[in-house]
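*Asks:*
2 protein chains.
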Amino acid sequence: MSRKIHIFDTTLRDGEQSPGFSMSLGQKLRVARVLSEMKVDIIEAGFPAASPGDFEAVRAVSSEIQGPVIAGLCRTIPRDIERTAQALESAEKSRIHTFIATSPIHRREKLKMSRDEVIRNAINGVQLAAGFCNDVEFSAEDGIRTEREYLADVLQAVIEAGATTVNIPDTVGYSTPSEMYDLFQWLKKTVPGIDNVHISTHCHDDLGLAVANSLAAVEGGATQIECALNGIGERAGNCSLEEVVMALRTRADHYGVEVGVDTRLLTSASHLVAAVTGNFVPRNKAIVGENAFAHEAGIHQHGMLASRETYEIMKPQDVGMQDSQLILGKHSGRHAVVDRAKDMGYELENDEIEAIMERFKDLADVKKRVFDSDLEAIITGSQTGGIGPWSLNWLSVVSCVNGETEPTVSMTLAHEDGSTSTHTGEGDGPVEAMVHALEQVTGTRIEVLSLAMRSISLGEDAQGEASLRATVDEVEYSGHGLSTDIVAACAEALLEIINRATRAAETSTQEVSGV
Amino acid sequence: MSRKIHIFDTTLRDGEQSPGFSMSLGQKLRVARVLSEMKVDIIEAGFPAASPGDFEAVRAVSSEIQGPVIAGLCRTIPRDIERTAQALESAEKSRIHTFIATSPIHRREKLKMSRDEVIRNAINGVQLAAGFCNDVEFSAEDGIRTEREYLADVLQAVIEAGATTVNIPDTVGYSTPSEMYDLFQWLKKTVPGIDNVHISTHCHDDLGLAVANSLAAVEGGATQIECALNGIGERAGNCSLEEVVMALRTRADHYGVEVGVDTRLLTSASHLVAAVTGNFVPRNKAIVGENAFAHEAGIHQHGMLASRETYEIMKPQDVGMQDSQLILGKHSGRHAVVDRAKDMGYELENDEIEAIMERFKDLADVKKRVFDSDLEAIITGSQTGGIGPWSLNWLSVVSCVNGETEPTVSMTLAHEDGSTSTHTGEGDGPVEAMVHALEQVTGTRIEVLSLAMRSISLGEDAQGEASLRATVDEVEYSGHGLSTDIVAACAEALLEIINRATRAAETSTQEVSGV
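The listed protein sequences derive, respectively, from chains C and D.
Using the working numbering, the first residue of the first sequence is number 706, and each one after it goes up by one.
Using the working numbering, the first residue of the second sequence is number 706, and each one after it goes up by one.
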């Protein structure tokens, strides 16, 4: 039948390396599980040589995830490639993805290499990688701004050296759809041997064109799209996985290609990435935003009632958006909760069901109605992996506007060694006051970088989801909290940060990462 | 020189009509002022026949805003057109924008009209509009899914009837760039008289292609782009103004057209729309997101240090993003604040400077450092226009986790008639407790629909910005609060909602709105 397009997800590499989107090992594994359930073809799990944390993440994903090919990114230098091969050792199917910049400005300003030196490095890198792994991808970084004839030479050389996929990234998000189409067509006609390998596109969204450029590359002959959930990635991010997949599917008549992704998991995968990174998706985001299938204006509503097709080109069910809202109550048992979670796209692991049930029961006690979105927040929240030595025994916060006193916090923390510790703090607001109290309990220096909150589901008793980023003794962590009380949600997020900092083994510092 | 592309902004019409993006009259005026300073060519200010609120908004924008053409949307029925002409009466330059659906599914399911009936309605509408106004735009709703030959007939008929702009919207966000190019090329070759009018594109982002489709239409001959700040609009929204403008400008070599927009105001305009609608822009949003010009990964940083051009195709200054962060302190005077605001793209009105200075002084008292983003939040916050009878005299909130008591609020409100009123409330969190207290003070029924918060600038003493939506006696309002205390920020947002509900004259209910 029609040509199959490989979906190469880089949420865990290009997405995770961008400011404000870092994830812990546990979070990365959770995202990898959803990607695998969704049947993406390749998961790029990290850049093993960039940091010990990245190495561990690629190794853990390689060990656990079956189904998709697991890729690791590396420069063309031997140490990077060896390290990547090592991280991928236990993968069922693995890919070494090696890159070097080819554009004149990158050769001159960054690499300080001649054209020949770049080609030599590319060939050596691919040959070395091919010794470890029979699936080797080569990326010509800033390929879009590379001289055409030279780019063709580079690609020919790496194909001869053993690359099985060649990627031509629009690293700076500069291209237009017509240019992409033209370039891919030309490469397909020009580069000897290119018909025997996969041709890949990797687009950045600096001008809002990443999805369109990826689709134009497919029209021009590309067989692989590199993309990320919620379009996260360096600067304005990468091509959004959910948008490009739904465009290929909705307009199959136009593009005439196939994708193997189970689109019914798009919404839950998007929500998971939003929750673990604390970057909520805007209402007007295509495919997965709250408004994507909402119709406000009277004329539209009238049309919708007459026939859904008048305004709807996709069905909410196709992307796993639930029509029904109301789900469970206080008397719902373990079985009902696990089943409902499964319908929503979350396969719960046995070891996490206990914690989720506990939170569910607590919530059902205080909330009149428990919605899908509440359950989802509990699941994604409890999967953020904030296990550490400290837990909150008791918290009291007094806030006052125009009164005599500053906001004051008193909190009692229990340590896993059995001790408890009570401290008070003051500040310009409850968050600052809590930070001051926590600094005393833990003897660390905490600086809050950002705070975001939003309500989950409806009603004044809705849960609030808090996402905090802070440095603890100058190392950055993120934390996540969920409660019907906004102050308690912030406390929980701060506690997760403290716990993560204490379990400092999980820390990863990024040194190098590209494409 | 090269062809000029008209930028037609529909933030206040298609943007404002989508769920969760409604604006008060004062907010609409503020957005219109920024659009006018930015020199967009046309501002679509609303749909006057849809509701009294929309009528008032179009009338107010028409009276105040000089420079851009002010457009009002209407169906082709006489009552709609007359009402629109009336709303636009005092505009310096006005445009009546009339539409009817032309696609088979809309004709059959929504309009229940034959092809001929649709054409007759279109002609009558344009002729009537042309009697009121010499600038008439006609939109063929769902034009993209209309039979080509019939679409050409419709456009020819309305051009003969006096339309000066013809718009072919992708109402459901279904098209692809190559189809758009092809259709616009074909129309330009086929429709008699089309060279004498403006050809417009209006794209929705359901598949993430709105910007690319708009650009493809320009390549195919379009001379007007309909778009909205932050890409807001029905469902996944419209083409993002900031992205399409920066794409045309950054790739002027490719598109070869001119736009008149002052791009240095893009960032502040985007922030204003985010603040007044309470829909924050994600970090990875192109052009205006926090990360749009941020480079995390080591390789990228290395490249950036070597030469900005290696990874940067635009300069942050081009879009009004400030490099410097630190601005003002406790001793900064009125002049310094007004100047700084001006540098950031905010021309402060005389009557608002007092309120802004008061908030600035309050903030400088509690905060060690005041950033651009703090000042911006004060400006956009104080411009949200929440003037009403109630003010907060005193607030005390006690939150407790694992303690004996529920969160409890005690608040004293002053009414402009001189009376004060103190009440307490309990709830599952401080927001619910405040709602209960406010219900008692005001004798209304309040239901919170959504809450979003985020931190502004840096540090644990950073300000928190709260955005709340709630119904008061079943009518929806939004409110906005700003404080270093997250609870106080929520209180302020709730108070704005109560005040708006009390000044119910500002209420607008939406009935009909399309394209």
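Note that CB positions come from ideal geometry on N, CA and C, so glycine has one too.
Is the CB of L977 of chain C under 7 angstroms away from at least one CB in chain D?
*Replies:* So, not an interface residue.
*Asks:* Quick one, which of C:F837, C:E852, C:Q732, C:T1125 has its alpha-carbon nearest G867 of chain C's?
*Replies:* Nearest option by C-alpha distance: C:F837.
*Asks:* Checking contacts by CB at 7 angstroms: is V1192 of chain D closer than that to chain C?
*Replies:* For V1192 of chain D, the answer is yes, since a Cβ of chain C falls inside 7 angstroms of its Cβ.
*Asks:* Taking the beta carbon of G1091 of chain D as the centre, do at least 16 other beta carbons fall within 10 Å, making it buried, or is it exposed?
*Replies:* Only weak support is given to the placement of G1091 of chain D: the predicted model assigns it a pLDDT of 48, under 50, and the value that follows is read from those uncertain coordinates. Buried: at least 16 other Cβ atoms inside 10 Å.
*Asks:* Give me the residue from D:Q1022, D:N1055, D:E854, D:D1067 with the minimum Cα distance to M1049 of chain D.
*Replies:* Among D:Q1022, D:N1055, D:E854, D:D1067, the Cα nearest to that of M1049 of chain D is on D:Q1022.
*Asks:* Within the 7 angstroms Cβ cut-off, does L1187 of chain D reach chain C?
*Replies:* No, because no Cβ of chain C sits closer than 7 angstroms to the Cβ of L1187 of chain D.
*Asks:* Grouping DSSP H, G and I as helix and E and B as strand, with all else coil, what is Y879 of chain D?
*Replies:* It is coil, neither helix nor strand.
*Asks:* CB-CB under 7 angstroms to T895 of chain C, same chain, minus the five flanking residues each way: which ones, in chain order?
*Replies:* Same-chain partners within the cutoff: A857.
*Asks:* Report yes if the CB atom of M885 of chain C is closer than 7 angstroms to the CB atom of A941 of chain C, and no otherwise.
*Replies:* No, the pair does not count as a contact, with Cβ atoms beyond the cut-off.
*Asks:* Run through DSSP, which three-state label would P724 of chain D get?
*Replies:* Coil, per DSSP.
*Asks:* Would you say K815 of chain C lies against chain D (beta-carbon separation less than 7 angstroms)?
*Replies:* By this cut-off, K815 of chain C is an interface position.
*Asks:* CB G670 of chain D to CB A1138 of chain D, shorter than 7 angstroms?
*Replies:* There is simply no residue 670 of chain D to check, as chain D begins at 706 and stops at 1220 in what is shown.
*Asks:* Answer yes or no: does any C-beta atom of chain C fall closer than 7 angstroms to that of W1099 of chain D?
*Replies:* With 7 angstroms as the cut-off, W1099 of chain D counts as an interface residue toward chain C.
*Asks:* From the beta carbon of E948 of chain D, is the nearest beta carbon of chain B less than 7 angstroms away?
*Replies:* Of the protein chains in the structure, C and D, none is chain B.
*Asks:* Run through chain D and tell me which residues come within less than 8 angstroms of F760 of chain C, C-beta to C-beta.
*Replies:* None at all; the shortest Cβ gap to chain D is about 15 angstroms.
*Asks:* Taking D714 of chain D as part of the alpha helix (DSSP H), name the residues at either end of that continuous run.
*Replies:* Counting along the chain, D714 of chain D falls outside any alpha helix (DSSP H), though it belongs to the beta strand (DSSP E) covering 711-714.
*Asks:* If contacts are defined as beta-carbon pairs under 8 angstroms, then T789 of chain C and G938 of chain C qualify, I think. What distance do you get, rounded to the angstrom?
*Replies:* Contact doesn't hold; Cβ gap of about 20 angstroms is too wide.
*Asks:* Within its chain, find whatever has a CB closer than 6 angstroms to the CB of T1214 of chain D; leave out the 5 residues flanking it on each side and keep chain order.
*Replies:* Interpretation of T1214 of chain D is limited by its pLDDT of 41, a score under 50 that renders its predicted location unreliable; the figure taken from the coordinates is listed afterwards. So the list reads S756, once near-sequence residues are dropped.
*Asks:* Any idea if G1123 of chain C is buried or exposed, counting beta-carbon neighbours within 10 angstroms, 16 or more meaning buried?
*Replies:* That one is exposed.
*Asks:* Beta-carbon of G1090 of chain C versus every beta-carbon of chain D: anything under 7 angstroms?
*Replies:* Only weak support exists for where G1090 of chain C lies, its pLDDT of 46 falling under 50; the coordinates are left without a value.
*Asks:* For the segment 726-746 of chain C, which residues have a CB atom closer than 7 angstroms to at least one CB atom of chain D, in sequence order?
*Replies:* Listed by position, the residues of the segment 726-746 of chain C near chain D (Cβ gap below 7 angstroms) amount to none.
*Asks:* Report buried or exposed for N943 of chain C, applying the criterion of at least 16 other Cβ atoms within 10 angstroms of its Cβ.
*Replies:* The residue in question, N943 of chain C, is buried, as its Cβ has 16 or more Cβ neighbours within 10 Å.
*Asks:* Going along the chain, which residues of its own chain have a beta-carbon closer than 7 angstroms to the beta-carbon of M743 of chain C, five neighbours each way excluded?
*Replies:* Excluding sequence neighbours, M743 of chain C sits near V966, D967, L970, A974.
*Asks:* Would you decide whether K1221 of chain D is buried or exposed? Buried here means 16 or more other CB atoms lie within 10 Å of its CB.
*Replies:* Nothing in the structure corresponds to residue 1221 of chain D, since chain D is present only between 706 and 1220.
*Asks:* So is E1014 of chain C in contact with chain D if we call contact Cβ pairs under 7 angstroms?
*Replies:* Yes, E1014 of chain C counts as interfacial toward chain D.
*Asks:* Based on Cα-Cα distance, which residue from C:V859, C:A980, C:A835 lies nearest to S808 of chain C?
*Replies:* When only C-alpha atoms are compared, the closest one is C:V859.
*Asks:* If you follow the beta strand (DSSP E) that R780 of chain D is part of, which residue opens it and which one closes it?
*Replies:* Where R780 of chain D is concerned, the enclosing beta strand (DSSP E) stretches over 774-780.
*Asks:* Pull up the CB-CB distance for V1136 of chain C and S1104 of chain D, whole angstroms please, since I reckon it's below 8 angstroms.
*Replies:* Not confirmed; about 12 angstroms, so no contact.
*Asks:* Verify the CB distance criterion: does D887 of chain D have a CB-CB separation below 7 angstroms to chain C?
*Replies:* No - not a single Cβ of chain C is within 7 angstroms of the one on D887 of chain D.
*Asks:* Can you check whether the C-beta of N989 of chain C is within less than 7 angstroms of a C-beta belonging to chain D?
*Replies:* Taking Cβ atoms only, chain D reaches closer than 7 angstroms to N989 of chain C, which makes this a yes.
*Asks:* Check L1097 of chain C in the structure and name its three-state DSSP category.
*Replies:* Strand at L1097 of chain C.
*Asks:* For A776 of chain D versus E749 of chain D, is the C-beta spacing smaller than 7 angstroms?
*Replies:* A contact, by the Cβ cut-off of 7 angstroms.
*Asks:* For A933 of chain D, does the count of other Cβ atoms within 10 angstroms reach 16, so buried, or fall short, so exposed?
*Replies:* By the 10 Å Cβ count, A933 of chain D comes out buried.
*Asks:* With H, G and I counted as helix, E and B as strand and the rest as coil, what does DSSP make of E1052 of chain D?
*Replies:* In the structure shown, E1052 of chain D sits in coil (DSSP, three-state: anything other than H, G, I, E or B).
*Asks:* Is it true that the CB of A1046 of chain D sits closer than 7 angstroms to the CB of L1053 of chain D?
*Replies:* Cβ atoms of L1053 of chain D and A1046 of chain D: closer than 7 angstroms.
*Asks:* Can you find the residues in the same chain that come closer than 6 angstroms, C-beta to C-beta, to T869 of chain C, ignoring five residues on each side of it along the sequence?
*Replies:* Once the five neighbours on either side are set aside, the close Cβ partners of T869 of chain C are D840, V841, V902.
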